[in-house]
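*Asks:* Handing you this structure, nothing more for now.
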Amino acid sequence: MKQSVIHRESYMRDGVTYEIRVVKEGGGLWGRWTCTDCSDDGESSKKCLSVEDAVAVAKSNLRLHHIRNHQ
Ligand SMILES: [Zn+2]
1 MKQSVIHRES YMRDGVTYEI RVVKEGGGLW GRWTCTDCSD DGESSKKCLS VEDAVAVAKS
61 NLRLHHIRNH Q
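Written as structure tokens, this is what we have:
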């Protein structure tokens with residue numbers, strides 16, 4: 001399936017930097033994140049309608065990784 005990254009931003013939380021990417025795939029937007037400290041990554045489990053929404057979902061999705069590994 002065709003996919004393209006339409007938005008990229010860095011997000012810093014408690015000194016840990018995450019790279020957030022919004023990907024357009026299958027007619028929807030998905031928020032993905034990569035932790036630059038441990039190279040772990042993940043993505044939103046729901047389709048998003050806007051870039052802002054996808055970024056917000058990616059940020060809430062990485063919270064569990066953050067709590068487990070960086071707190
Ligand atoms: Zn991490």
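The sequence shown begins at 1 in this note's numbering and counts up by one. We treat Cβ as the ideally placed atom computed from N, Cα and C, and that holds for glycine. On a predicted model such as this, the values are computed, not experimentally measured, just so you know.
Write down the C-beta distance between residue 33 and residue 61 rounded to the nearest angstrom, noting that I regard them as a contact closer than 8 Å.
*Replies:* Locating residue 33 in the sequence shown gives position 33, counting from the first residue. Locating residue 61 in the sequence shown gives position 61, counting from the first residue. The Cβ separation is near 7 Å, so the contact holds.
*Asks:* Can you look up residue 10 in the DSSP assignment and give me helix, strand or coil?
*Replies:* Start at 1 with the first residue of the sequence shown, and residue 10 comes out as number 10. In this structure, residue 10 counts as strand in the three-state DSSP scheme.
*Asks:* At a cut-off of 8 Å, is residue 69 close to ligand 1 when judged by its beta-carbon and the heavy atoms of the ligand?
*Replies:* Position 69 of the sequence shown, counted from the first residue, corresponds to residue 69. For ligand 1, at least one heavy atom lies less than 8 Å from the Cβ of residue 69.
*Asks:* Could you tell me the alpha carbon to alpha carbon distance between residue 45 and residue 9, rounded to whole angstroms?
*Replies:* Along the sequence shown, one-based indexing puts residue 45 at 45. Along the sequence shown, one-based indexing puts residue 9 at 9. Their backbone Cα atoms lie some 19 Å apart in a straight line.
*Asks:* Round the Cβ separation of residue 65 and residue 40 to the nearest angstrom and send it over; I've been treating them as touching at under 8 Å.
*Replies:* The residue given as residue 65 occupies position 65 in the sequence shown. The residue given as residue 40 occupies position 40 in the sequence shown. That belief holds up - the Cβ atoms of residue 65 and residue 40 are roughly 6 Å apart, short of 8 Å.
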